[in-house]
Amino acid sequence: MKAAVRDWVRAARRIVVLSGAGMSAESGVPTFRDAQTGLWAKFRPEQLATEEAFRADPGMVWDWYQLRREMIGKVVPNAGHLAVAAFQQRHPGRLAVVTQNVDGLHQRAGSAGVLALHGNIAEDRWLDRPRACCTRASLEPGRPPRCAVCGNLRRPAVVWFGEMLPPAQLAAAQDAAAACDLMLVVGTSGVVYPAAGLARSTRGRVAIVNPEETELDDAADAVLRGTSASLLPYLLED
Ligand code: OAD
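Written out as structure tokens, the structure is:
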């Protein structure tokens with residue numbers, strides 16, 4: 040099956056890689072739904088990754104994100120991210136990356152035009168709609184930083200539960216899914232929509248790369264049970 044999927048890659052004019060947390064697992068970033076250690080075991084992301092949780096205890100949620108930022112700052116892209124980026128460089132315009140990951144590892148590997156559906160953990164934005172006073176000059180450091188004039192808080196620029204995905208990124212991802220001949224669904228459990236819906240909406244072939252069963256297996260033309268860092272270099276070699 041592995042060889043068949045590699046042939047599909049070679050024949051495809053347009054490829055989408057739809058990635059999830061498992062893509063970064065071999066870089067040392069914990070996934071969401073596997074057994075976790077430390078903070079990840081104590082808190083479910085669903086409990087902290089909401090606007091309600093942030094408004095209730097901004098310091099605690101901010102600190103939790105700072106820990107994740109520190110952890111992500113220490114890891115590096117793995118062979119899976121690098122294989123995707125190298126393919127894009129060899130074949131400009133042929134492969135689009137759509138990711139649910141906020142860790143920026145695809146971008147750091149050198150992938151261009153990454154559609155980061157759930158935002159980027161390295162960036163912040165204003166919690167409430169910025170007022171005229173909310174500028175860089177008024178920013179007061181803290182946990183979280185705030186506008187010294189009106190008190191508006193900074194928050195991580197990630198999509199929290201119950202929030203809309205960035206509309207332009209989602210539309211571009213839907214267009215890429217509609218236009219592709221092949222979608223490689225890598226390292227995602229396929230339980231979170233609308234991202235998972237991209238694999239169901241494409242008319243192209245769907246191949247899954249995941250060591251475990253996923254909710255999208257039934258939508259796949261091929262299921263490869265293996266890890267992204269071990270399979271992607273093989274699938275994406277010329
Ligand atoms: P999950 O934690 O739900 O799933 C991770 C998937 O990666 C599982 O299917 C694992 O079997 C698989 N996996 C683990 N190691 C792997 C490896 N080395 N290679 C390939 N696959 C591997 O993560 P996501 O599906 O990304 O949303 O979760 C989707 C969204 O739910 C996240 O973006 C996040 C979360 O709540 C937001 O933050 C909005």
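Under our numbering, the first residue of the sequence shown is numbered 40, with each subsequent residue one higher. Where is the CB? At the ideal position from N, CA and C, for every residue including glycine.
>> Just to confirm before moving on: does the CB-CB distance between residue 248 and residue 223 stay below 8 Å?
In response: yes
Inset, instruction - Look up residue 163 in the DSSP assignment and say whether it is helix, strand or coil. - result: strand
Please state whether the Cβ-Cβ distance between residue 233 and residue 204 is less than 8 Å.
yes
Check: Would a C-beta distance cut-off of 8 Å place residue 277 and residue 129 closer than the cut-off?
Finding: yes
Residue range of the unbroken alpha helix (DSSP H) whose run includes residue 206: 206-218
| Mind checking whether the beta-carbon of residue 157 lies closer than 7 Å to any heavy atom of the ligand OAD? | yes
Per DSSP, which residues does residue 158 bridge with? Please list them.
197
Cutoff 6 Å; reference residue 77; Cβ partners in own chain excluding five residues on either side = With a pLDDT of 46 at residue 77, under the threshold of 50, the predicted position of this residue should be treated as unreliable, and no value is reported.
TODO: Less than 8 Å between the CB atoms is what I'm expecting for residue 182 and residue 192, so what's the real figure, rounded?
DONE: Their Cβ separation, rounded to whole angstroms, is 10 Å, which puts residue 182 and residue 192 out of contact at 8 Å.
Give me, in chain order, the residues of the same chain whose beta-carbon lies closer than 7 Å to that of residue 144; leave out the 5 immediate sequence neighbours on both sides. 63, 66, 116 and 120
### Query
In the DSSP assignment, what are the bridge partners of residue 179?
185
Note to self: In whole angstroms, give me the CA-to-CA distance for residue 238 and residue 245.
What the structure shows: 7 Å
* Touching or not, the segment 254-271 and the segment 156-172, by the rule of three or more beta carbon pairs under 8 Å? -> no
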